[in-house]
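**Student:**
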Amino acid sequence: MKRIFKAFVSLSLILIIGALFTGCGNSKPTINVYNWGDYIDPDVIAEFEKEFNVKVNYDTFATNEDMYVSIKKGGTSYDVAFPSDYMIERMINEGLLEKINKDNIPNLKNIDDRFLDLEFDPNNEYSVPYMWGTVGIIYNKTMVDDVVDSWDILWNEKYSGQILMLDSQRDSIGIALKKLDYSMNTRNMEELEKAKEELIKQKPLVYAYVGDEVKDLMIAEEAALAVVWSGDAVAMMRQNDNLEYVIPKEGSNLWFDNMVIPKTSKNKELAEAFINFMNRPEIAAKNTDYIGYSTANYEALQYLPEDIASSKVAYPDDHELENLEIFKDPKDFLKVYDEIWLEIKAQR
């Protein structure tokens, strides 16, 4: 009996262990997504997981440079990432991205033609548009009594300690260049030095260099003026009627955030399924309504609330975009940008 019992126990353990391993073998496929903070409706992730019976591992980054370093060093095998225009150009040039099989992205047909075949990725071989917008100034109408139409106001000592700048070397240096009437993409060292001097001169007036926290600070009226991306401006203005957004007359940055598949991807087809899912009009509209940014998906506009679809902050007239520049990959000037930014941040 004991032998029979031992044999029975042994057989039972084998069956249990086998079942556990079988269960592991049937675990859900996983997709690793790397996106900007607060840049997707969480319900959209849940919908994708349910429909495709997968698990989404979702990580966030604060700047293009942070995202680039993470993907370049290859610590995590990201399947989908959301870089901006100039960073896409750099990643293509460095062989960090997979070509996208457009046969697996039929919803590409929903993208507005204006946002396709742009200089940083001709023919959209490596990227699919997600959101777009401008960089400008948001200000509190009860705290600012000057006309806000120029970058100059961010150097006005009257608002010392009430100014928020982006903690982004490319954006902040670009603003100083535009203030001086230079191109945001200049490689002229004299112009870049002058931009650095402007930002060093401005630093004592700056309350903080910020990222996503700019929204809470401006909504709570803890600052009077801030440099923001237009989508954040839309979200803030929906929560505080005292806030207004302008694109300065000297010009600014016109930016695009696209979805890409890094070379680190271990599940390219699932990544393409995710990108296609994100471009369903109703899904694109959900994300747009949730985060306040401007969708590149033309068909999604019909699903948006009227106050968003008709917003001139989110969807400015074409003439307002004429004096704007798309960032280009600084390439050999990366070290120069790094050195300038370190010197600015080191000032007290």
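So in this note's numbering, the last spot in the sequence shown is 360, and the numbers never skip. Glycine included, every Cβ here is placed at the ideal spot set by N, Cα and C.
1) Residues in its own chain within less than 6 Å of Gly86 by CB, not counting five upstream and five downstream?
2) By Cβ distance, which residues of its chain are closer than 8 Å to Lys357, with the 5 residues on each side in sequence left out?
3) Skipping 5 residues on each side, what residues in its chain have a beta carbon closer than 6 Å to that of Tyr98?
4) Just to confirm the assignment: which complete alpha helix (DSSP H) runs, minimum length 4, are found wholly within the region 293-335?
5) If you drop the 5 nearest sequence neighbours on each side, which residues of the same chain put their C-beta closer than 7 Å to that of Lys261?
6) Label Pro328 either buried or exposed according to how many other C-beta atoms from any shown protein chain fall within 10 Å of its C-beta, with 16 as the threshold for buried.
7) If we require 4 or more residues per run, which alpha helix (DSSP H) segments fall completely within the region 142-224?
8) Decide if Asp172 is buried, meaning its Cβ has at least 16 other Cβ atoms within 10 Å, or exposed.
9) Secondary structure at Ile259, three-state DSSP: helix, strand or coil?
10) Alpha carbon to alpha carbon, how far is Lys62 from Leu282? Give it in angstroms, no decimals.
11) Apart from the five residues on each side of it in sequence, which residues of its chain come closer than 8 Å, Cβ to Cβ, to Phe33?
12) So for Val140, helix, strand or coil by DSSP?
13) Going by the DSSP bridge assignment, what does Asn44 pair with across the sheet?
14) Have a look at Glu284 and Asp158 and give me their C-alpha separation to the nearest angstrom.
15) Give the single residue among Leu229, Asn76, Ala247, Lys191 whose Cα lies nearest to the Cα of Gln214.
16) Suppose you measure from the CA of Lys208 to the CA of Glu351; what does that come to, to the nearest Å?
17) Have a look at Asp242 and Val66 and give me their C-alpha separation to the nearest angstrom.
18) Quick one: residues in its chain with C-beta nearer than 6 Å to the C-beta of Thr154, no 5 flanking neighbours on either side, listed in chain order?
19) Phe94 by DSSP, collapsed to three states: which one?
20) Does the contact criterion of 3 or more C-beta pairs under 8 Å hold for the region 94-113 versus the region 127-137?
21) Is it buried or exposed for Ser39, if we count other Cβ within 10 angstroms and need 16 for buried?
22) Can you tell me the Cα-Cα spacing of Asn288 and Val147, whole angstroms?
23) If we count the other Cβ atoms within 10 Å of its Cβ and call it buried at 16 or more, is Met361 buried or exposed?
24) Looking at Tyr219: is its Cβ nearer than 7 Å to the Cβ of Ala235?
25) Taking Asn76 as part of the alpha helix (DSSP H), name the residues at either end of that continuous run.
26) Looking only at C-alpha atoms, which of Met249, Asp125, Asp269, Trp144 sits nearest to Val92?
27) Based on Cα-Cα distance, which residue from Asp228, Trp267, Ser264 lies nearest to Arg250?
28) Taking 7 Å as the cut-off, decide whether the C-beta atoms of Val272 and Leu166 are in contact.
29) What's the gap between the Cα of Ile212 and the Cα of Gln359?
30) When the Cα atoms are used, what is the spatial distance from Tyr138 to Asp53?
31) Mind checking whether Ala238 and Leu176 have CB atoms under 7 Å apart?
32) On the DSSP letters alone, give me the boundaries of the beta strand (DSSP E) that Leu266 sits inside.
33) By DSSP's criteria, Ile123 is part of a beta bridge. Which residues make up the other side?
34) Using the Cα positions of Asn69 and Val45, report the straight-line distance between them to the nearest angstrom.
35) Using the C-alpha atoms, what's the distance from Met290 back to Ala247?
**Tutor:** So, to answer that:
1) Thr276
2) Tyr221
3) Correct list, in chain order: Phe339, Lys340, Asp341.
4) 293-303, 318-321
5) Asp161, Ser162
6) buried
7) 181-191, 201-214
8) Residue 172 is actually Ser in this sequence, not Asp. So Ser172 counts as exposed.
9) Three-state result, Ile259: coil.
10) 14 Å
11) Residue placement at Phe33 is flagged as unreliable, the pLDDT there being 37, under the threshold of 50; the coordinate-derived value follows with that caveat. For Phe33, where only same-chain residues beyond five positions count, there are no Cβ hits under 8 Å.
12) strand
13) Asn69
14) One C-alpha to the other measures close to 49 Å.
15) Lys191
16) Taking the straight line from one Cα to the other gives about 10 Å.
17) Note on residue identity: the sequence assigns Ser, not Asp, to residue 242. Cα-Cα distance, rounded: 33 Å.
18) Asn254
19) coil
20) yes
21) exposed
22) 28 Å
23) Since the first and last residues shown for the chain are 13 and 360, residue 361 lies out of range.
24) yes
25) 76-85
26) Considering only alpha carbons, the answer is Asp269.
27) Asp228
28) Between Val272 and Leu166, the CB-CB gap reaches or exceeds 7 Å.
29) 7 Å
30) 24 Å
31) yes
32) Per DSSP, Leu266 belongs to the beta strand (DSSP E) from 266-272.
33) Answer is Asn309.
34) Their backbone Cα atoms lie some 6 Å apart in a straight line.
35) C-alpha separation (whole angstroms): 20 Å.
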